[in-house]
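K.L.:
Here it is, the structure, as C-alpha cells.
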Amino acid sequence: MIKIICVGKVKEKFYRDAIDEYMMRISKYHKVRIEEVIDSNLVKEKELILKHINKKDYIITLEIYGNQLSSLELSNFLDKTMIVNSNITFIIGGSYGLHDDIKKIANYKLSFSKLTFPHQLFRVILLEQIYRSFKILNNESYHK
Numbered sequence: 001m002i003k004i005i006c007v008g009k010v011k012e013k014f015y016r017d018a019i020d021e022y023m024m025r026i027s028k029y030h031k032v033r034i035e036e037v038i039d040s041n042l043v044k045e046k047e048l049i050l051k052h053i054n055k056k057d058y059i060i061t062l063e064i065y066g067n068q069l070s071s072l073e074l075s076n077f078l079d080k081t082m083i084v085n086s087n088i089t090f091i092i093g094g095s096y097g098l099h100d101d102i103k104k105i106a107n108y109k110l111s112f113s114k115l116t117f118p119h120q121l122f123r124v125i126l127l128e129q130i131y132r133s134f135k136i137l138n139n140e141s142y143h144k
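In this note's numbering, the protein residues as written are 1 to 144.
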C-alpha cells in the first residue's frame, strides 16, 4: 500500500478534484490512501503523524533538501522499494515543514524542487508523479 500522510486539509475544490482524479488513476495499479492530520505546531503535528506510521512502513519524507530524482528514476526507485517493502509512506509537512524527529525516521528524503510549494498543490504533484511512475513501469504511454 502507498500511504500519503499530509498536514492540513485541502479546501479548494479544484485541488480536491485533481486529488480524486489521480487517486482513481493510481488505484488501477496499487492501493493508495491519504491520511490528513490537522495543521498545528510542529510538535503536535509530529505526534499526529506518528499515529499513522506502522513499524513496517518504508518512510519517504518530502523535503526541500532531499534527493532529487527524474520521473524515470522515481519510477525505478518505487519499483525496487515496493519489491522489498509492502508499505510505502510519503509524508508531506505543513507550512512549518516537518519536525526533526520525523525527518530522522525517514528511510529516504525526497525533494521535487528547491522551490517551496503550497502543501495542497504538492499533494496533486506527488500523486501525479506516482501515477506517472506506474505508467512508466507498465510501459504505458503518458504525455510528456
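All C-beta atoms in this analysis are idealised placements derived from N, C-alpha and C, irrespective of residue type, glycine included.
Locate the beta strand (DSSP E) running through residue 3, then write down its first and last residues.
P.N.:
Residues 2-7.
K.L.:
Could you tell me the alpha carbon to alpha carbon distance between residue 116 and residue 138, rounded to whole angstroms?
P.N.:
Spanning the two alpha carbons is a distance of roughly 31 Å.
K.L.:
Would residue 102 pass as a contact of residue 62 if the rule is Cβ separation under 8 Å?
P.N.:
Their beta carbons are not under 8 Å apart, which means residue 102 does not touch residue 62 by this criterion.
K.L.:
So, helix, strand or coil for residue 43, using DSSP?
P.N.:
Correct three-state label for residue 43: helix.
K.L.:
Looking at residue 6 and residue 26, is the spacing between their C-beta atoms short of 8 Å?
P.N.:
Against a cut-off of 8 Å, the Cβ pair of residue 6 and residue 26 comes out as no contact.
K.L.:
Are residue 125 and residue 89 close, meaning C-beta to C-beta below 8 Å?
P.N.:
No, the pair does not count as a contact, with Cβ atoms beyond the cut-off.
K.L.:
Going by the DSSP bridge assignment, what does residue 88 pair with across the sheet?
P.N.:
The partner list for residue 88 (beta bridge, DSSP) reads 2, 58.
K.L.:
Leaving out five residues on either side along the sequence, give the residues of the same chain with a beta carbon under 6 Å from the beta carbon of residue 84.
P.N.:
So no residue of the chain qualifies.
K.L.:
Which of the three DSSP states is assigned to residue 128 in this structure?
P.N.:
In this structure, residue 128 counts as helix in the three-state DSSP scheme.
K.L.:
Spatial neighbours of residue 68 within its chain, please: C-beta separation below 6 Å, excluding the five flanking residues on both sides.
P.N.:
Around residue 68: 111.
K.L.:
Please list, in chain order, all residues of the same chain as residue 45 whose beta carbon is under 7 Å from its beta carbon, the five residues on each side excluded.
P.N.:
Closer than 7 Å at Cβ, skipping near neighbours: 7, 37, 94, 99.
K.L.:
Can you check DSSP and say which residues form a bridge with residue 34?
P.N.:
4, per the DSSP bridge assignment.
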